[in-house]
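My numbering applies: residue 3 is where the sequence shown begins, and numbers increase by one.
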Amino acid sequence: MTTFIRNAWYVAAWSKDIGRSLTARRILGEPVVLYRKEDGAPAALLDRCAHKLLPLSMGRIIGNVVQCGYHGMEYDCTGKCVRIPGQDVVPPKAVVRSFPVVERYDAVWIWMGDAALADEALIHRIERHGVPGWAVIDGQYQHHRTNYVIIAENLQDPAHTTYAHRSTIGNPAASEVPVKVEQKGNHVVSWRWTNSVPPPPIDRDLGGFTGLVDRCQYYNYFAPCVSRVDVVTMRDGLDHTEENMDLGQRAFSYKFLTPETEGTTHFFWMHVRNFGVGNAELEASLIEGMNRTFEEDNVICGAIQLEQVATGIRQHTFLAIDAGPARVRRVLEQMAANEIPTTQSKTEIS
Ligand code: FES
Ligand SMILES: [Fe+2]
Numbered sequence: 003m004t005t006f007i008r009n010a011w012y013v014a015a016w017s018k019d020i021g022r023s024l025t026a027r028r029i030l031g032e033p034v035v036l037y038r039k040e041d042g043a044p045a046a047l048l049d050r051c052a053h054k055l056l057p058l059s060m061g062r063i064i065g066n067v068v069q070c071g072y073h074g075m076e077y078d079c080t081g082k083c084v085r086i087p088g089q090d091v092v093p094p095k096a097v098v099r100s101f102p103v104v105e106r107y108d109a110v111w112i113w114m115g116d117a118a119l120a121d122e123a124l125i126h127r128i129e130r131h132g133v134p135g136w137a138v139i140d141g142q143y144q145h146h147r148t149n150y151v152i153i154a155e156n157l158q159d160p161a162h163t164t165y166a167h168r169s170t171i172g173n174p175a176a177s178e179v180p181v182k183v184e185q186k187g188n189h190v191v192s193w194r195w196t197n198s199v200p201p202p203p204i205d206r207d208l209g210g211f212t213g214l215v216d217r218c219q220y221y222n223y224f225a226p227c228v229s230r231v232d233v234v235t236m237r238d239g240l241d242h243t244e245e246n247m248d249l250g251q252r253a254f255s256y257k258f259l260t261p262e263t264e265g266t267t268h269f270f271w272m273h274v275r276n277f278g279v280g281n282a283e284l285e286a287s288l289i290e291g292m293n294r295t296f297e298e299d300n301v302i303c304g305a306i307q308l309e310q311v312a313t314g315i316r317q318h319t320f321l322a323i324d325a326g327p328a329r330v331r332r333v334l335e336q337m338a339a340n341e342i343p344t345t346q347s348k349t350e351i352s
């Protein structure tokens, strides 16, 4: 059974990577060609000529049309064939599929499902993006050798960090603090607070914390494709309100999972923070550290997938720590089975 959910917005590419040339990318198992029209707006067509199926990405752009590199058929951005060299009549089947695309948050989002359902308001809202006092790291990409559901489970699984990320973000103390799990619609969140503890060095250095602090992690998954991990360090004794959390040291770590095939995933990540804004050295080390951490997950999830495929089973034993990951998997399987229109940005738990 396919696990793909088509009626949702996915990140197809970072804006900086799409220009006046043809970019081929497989998304949800389908070949897509991305480019910009003369006015700069992005466009996306099925990357398969209606004639002999040559990928259109092997052709070229002329003005606003894409010309096939085999016999020169030309398609506009709706996928309609507007010219066939050597004949005047355009056969009704001379058309390729086009996909709705929208540019937002420096990314090009694509809708692979029913175009009539492609409501821009459903594009996931990125917290604090563009707000003064908050820095954004974007443009980050990794190719993951794993089905996106395994990655989604991993991103909802705080228990692995102590062991899988020993050399990066692993913290032995964290594995003993249980997480709570809650679900509302397509949003699953696992979280934990560790209250009235001494600040770790990074919080002391960057946040200037001297006394005791409250720290939390929220692992949010907005099915089908957005993960957001919120990390807060704040002075202890304050209520854990949005306003008070913003006064502390806070970051939103986003991953956008776009299935490439059943076994591989485009892994885009973005990071929004209110500390060390303008600190280029910190930014470089965050980018390096996070890429290394996510690559550690890529290795582990890839190895798991190989064994799952070899055995035909997903896991032998269920543990208490599986509550969050299992919830995410269930939501994704249900959505894939029903292919219900997503409400991904309207079901946040506040
Ligand atoms: S394959 Fe594209 S025009 Fe013939
Ligand atoms: Fe991880």
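Glycine residues also receive a C-beta, built at the ideal position from the N, C-alpha and C atoms. For clarity, every value in this text was computed on a predicted model and none was experimentally measured.
Separation of residue j from residue i, as counted between CA atoms
i	j	result
T344	H273	For T344, the pLDDT reaches just 47, beneath the cut-off of 50, and the residue's location in the model is therefore unreliable, although a value from the coordinates is still provided. Taking the straight line joining both Cα atoms gives about 24 Å.
T235	M337	35 Å
A43	P203	45 Å
R38	V104	12 Å
S59	Q69	9 Å
T349	L36	Summary for T349: the model assigns pLDDT 41, below 50, so the residue's position carries little reliability; its value from the coordinates is reported in the next sentence. Using only the alpha carbons, I get a separation of about 30 Å.
W193	G61	49 Å
H167	Y77	48 Å
R252	V84	52 Å
R332	G31	21 Å
E262	V34	11 Å
K186	V330	11 Å
A15	E341	23 Å
Q7	R206	Residue 7 is actually Ile in this sequence, not Gln. Rounded to the nearest angstrom, the two C-alpha atoms are 43 Å apart.
S100	L48	6 Å
E122	V133	21 Å
Residue i: CB within 6 Å of a non-hydrogen atom of ligand 1
i	result
M75	yes
C83	no
H146	no
L56	yes
H167	no
Y72	yes
C218	no
Burial state of residue i, where buried means 16 or more other Cβ atoms lie within 10 Å
i	result
Q89	exposed
Y107	buried
I64	exposed
I20	buried
I351	Because the pLDDT of I351 is 44, which lies under 50, any placement of that residue in the model is unreliable, and the question is left without a value.
V13	buried
L308	exposed
T80	exposed
N197	exposed
Anticipated Cβ contact below 8 Å, residue i with residue j, distance rounded
i	j	result
T5	L334	6 Å
S229	Y256	7 Å
V190	R217	Actually they do not touch by this definition, with Cβ atoms about 21 Å apart.
Y220	D232	4 Å
A225	N281	Incorrect: roughly 34 Å between the Cβ atoms, too far for contact.
beta-carbon residue i near ligand 2 non-hydrogen atom, thresh 6 Å
i	result
D299	yes
Three or more C-beta pairs under 8 Å: does that hold for the stretch 36–53 against the stretch 154–166?
no
Is it a yes or a no for the stretch 49–59 touching the stretch 86–104, going by three-plus beta-carbon pairs under 8 Å?
yes
Within the chosen definition, does the stretch 301–316 reach the stretch 133–140 through at least 3 CB pairs nearer than 8 Å?
no
Taking 8 Å as the cut-off, does the stretch 123–135 touch the stretch 73–81 (at least 3 CB pairs, one atom from each stretch)?
no
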